[in-house]
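Numbering-wise (my numbering), the sequence shown opens with residue 3 and increments by one.
Don't be surprised by glycine CBs; every beta carbon is placed ideally from N, CA and C.
Keep in mind it's a predicted model, so treat the numbers as computed, not measured.
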Amino acid sequence: MLDEMMIKKFLNEQYEYFNALEFLHCHPDPLNIVHKYKDFKHISELAFICALYSYGNAKMIVKNLENMPFELLLDTAAIIHTAQKHFPYYRFQSSEDTKECFLCMAEIIKIGGLKSVFLRQYKKYNDIQQALLATQQFLQRHIRNKSKGLNFLFGRSNAQSPLKRYNMFLRWMVRKDALDLGLWQEIAPSALLIPLDTHTFRIAKLLGLCKSSSCSIKAVREITSFLRQCDPKDPIKYDFALYRIGQLKYNVLANIQLIE
């Protein structure tokens, strides 16, 4: 059984190490694409598209995002009149699905933007998970031509879902350090939940951060609760390091002994 203080020291050291832009360049990461457009007028909607398409192989994720016609978000009419072939196909999403995703974001921009949509839900529920589920449902209602690909992309409403891509998007928007943008200052970083994927879940289990046997909202809340003990004001700052450690198959148990 690993000592709790040892784990906290390990996590803080890994955060300090991985909190550098170089780690967005030396390994593929969708946040690298977001950084390229950080001064874009509709950066929230652009970043959300990047988050939605962040599933599968990291290299292929970035390659797909590099081909996205993000400049079209500046003009809804341009999206409508742009040929379908200019919107990339990616795994479960056809070119038509990608175009529909852009049209959905354009509609959201028209009504005030994704930030205002989420903040309304967060004010109502005062809980990140509930606000994300409500936002997800709101976005689904703005998809005109639903398909299996779009249902997968936006996700079906499921109260037990870890909502990894949605929580990752919030991390990018709310937190502020060398990696995350910190553009949504109306939300406290302390309220965020861990964006839980298979890499992060495996490392969290190795460290004993949760008892849950599956990658669910229960595991999300358990892991987040432990991370709040490490940093109550900014618990999700450890997410990028945990993900990278898992992705790179870092030998956690061997290395954690070195900091005793």
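message: Quick check on the DSSP output: the alpha helix (DSSP H) that includes C232 runs from which residue to which?
response: If you number the sequence shown from 1, residue 232 lands on position 230. Where C232 is concerned, the enclosing alpha helix (DSSP H) stretches over 219-232.
- prompt: Since W174 contacts V36 with CB under 8 Å, what's their CB separation in whole angstroms?
  reply: The sequence position of residue 174 within the sequence shown is 172, counting from 1. The sequence position of residue 36 within the sequence shown is 34, counting from 1. The pair is a contact, with the Cβ atoms about 6 Å apart (cut-off 8 Å).
query: Which same chain residues, not among the five before or five after P30, have their C-beta less than 6 Å away from its C-beta?
result: In the sequence shown, counting from the first residue as 1, residue 30 sits at position 28. Answer for P30: A60, K61, V64, listed in chain order.
field: Span separating the alpha-carbon of L260 from that of A133
entry: Translated into positions along the sequence shown, residue 260 becomes position 258. Translated into positions along the sequence shown, residue 133 becomes position 131. The predicted position of L260 is uncertain, since its pLDDT is 42 and thus under 50; a value taken from the coordinates is nonetheless stated next. Each residue's alpha carbon lies about 41 Å from the other.
- request: Given a cut-off of 8 Å, decide if I219 and Q162 are closer than it, judged by their beta-carbon atoms.
  value: Residue numbering aside, residue 162 sits at position 160 when the sequence shown is read from its first letter. Residue numbering aside, residue 219 sits at position 217 when the sequence shown is read from its first letter. Their beta carbons are under 8 Å apart, which means Q162 touches I219 by this criterion.
- prompt: Who are the Cβ neighbours of H201 in its own chain at under 6 Å, not counting the five residues just before and after it?
  reply: Translated into the one-based positions of the sequence shown, residue 201 becomes position 199. Here the set comprises Y245, G248, Q249.
field: Residue closest to L13, alpha-carbon to alpha-carbon, out of S216, K213, A206
entry: Here residue 13 corresponds to residue number 11 of the sequence shown, with the count starting at 1. The shortest C-alpha separation from L13 is found at A206.
field: Opening and closing residue of the alpha helix (DSSP H) in which R246 lies
entry: By 1-based counting over the sequence shown, the position of residue 246 is 244. Looking at the DSSP string, the run of the alpha helix (DSSP H) that includes R246 is 241-249.
First and last residue of the uninterrupted alpha helix (DSSP H) at P32: To locate residue 32, count along the sequence shown from 1; it is residue 30. Run containing P32: 32-38, per the alpha helix (DSSP H) assignment.
message: I'd like the span of the alpha helix (DSSP H) that includes E188, first residue to last.
response: Here residue 188 corresponds to residue number 186 of the sequence shown, with the count starting at 1. Neither: E188 is in no alpha helix (DSSP H) and is coded neither H nor E.
Of the residues C28, K10, E24, Q16, the one placed nearest L181, counting alpha carbons only: By 1-based counting over the sequence shown, the position of residue 181 is 179. Of the candidates C28, K10, E24, Q16, the one whose C-alpha sits nearest the C-alpha of L181 is E24.
Proximity below 8 Å, CB of P164 to CB of C217: Within the sequence shown, the letter at position 162 stands for residue 164. Within the sequence shown, the letter at position 215 stands for residue 217. Closer than 8 Å, so yes.
message: What would DSSP say about Y92, mapped onto helix, strand or coil?
response: For this step, residue 92 is matched to residue 90 along the sequence shown. Strand.
query: Would DSSP call K235 helix, strand or coil?
result: Numbered from 1 along the sequence shown, position 233 holds the residue referred to as residue 235. Here K235 sits in coil by DSSP.
- request: Would you check if the distance between the CB atom of P71 and the CB atom of A53 is smaller than 8 Å?
  value: Looking up residue 71 in the sequence shown gives position 69. Looking up residue 53 in the sequence shown gives position 51. No; because the gap between Cβ atoms is not below 8 Å, this pair is not in contact.
- request: Specify the secondary structure class of K178 as computed by DSSP and reduced to three states.
  value: Within the sequence shown, numbered from 1, the residue matching residue 178 stands at position 176. Residue state, collapsed to three classes: strand.
query: Which residues does DSSP pair with L105 in a beta bridge?
result: As a first step, residue 105 must be located in the sequence shown, where it is residue number 103. L105 is not bridged to any residue.
field: Spatial distance of S46 from F120 (CA atoms)
entry: For the purposes of this step, residue 46 is taken as the residue at position 44 of the sequence shown. For the purposes of this step, residue 120 is taken as the residue at position 118 of the sequence shown. For S46 and F120, the distance between alpha carbons rounds to 11 Å.
Identity of the residue in F242, L194, S159, K251 nearest R230 by Cα: Indexing the sequence shown from 1 puts residue 230 at position 228. Among F242, L194, S159, K251, the Cα nearest to that of R230 is on L194.
For L183, the residue or residues it bridges with in DSSP: Residue mapping note: residue 183 aligns to position 181 of the sequence shown, counting from 1. For L183, which the question treats as bridged, DSSP gives the partners K178.
query: Is the Cβ-Cβ distance between D241 and I196 less than 8 Å?
result: Stepping through the sequence shown from its first residue, residue 241 is reached at position 239. Stepping through the sequence shown from its first residue, residue 196 is reached at position 194. Cβ atoms of D241 and I196: closer than 8 Å.
query: Quick one: Cα of E262 to Cα of M8, how far?
result: Numbered from its first residue, the sequence shown carries residue 262 at position 260. Numbered from its first residue, the sequence shown carries residue 8 at position 6. Confidence at E262 is low in this model, with a pLDDT of 45, below 50, so its placement is unreliable and the value that follows should be read with caution. C-alpha separation (whole angstroms): 7 Å.
- request: Could you name the residues of the same chain whose beta carbon sits closer than 6 Å to that of I130, not counting the 5 residues immediately before and after it, in chain order?
  value: Start at 1 with the first residue of the sequence shown, and residue 130 comes out as number 128. Counting only Cβ-Cβ distances below 6 Å, and skipping sequence neighbours, we find A193, L195.
query: Helix, strand or coil for N169 per DSSP?
result: Here the question's residue 169 lines up with position 167 in the sequence shown. DSSP places N169 in helix when its eight states are reduced to three.
- prompt: Given that a residue counts as buried once 16 or more other Cβ atoms are within 10 Å of its Cβ, and exposed if not, what is P234?
  reply: Locating residue 234 in the sequence shown gives position 232, where the first residue counts as 1. P234 comes out exposed.
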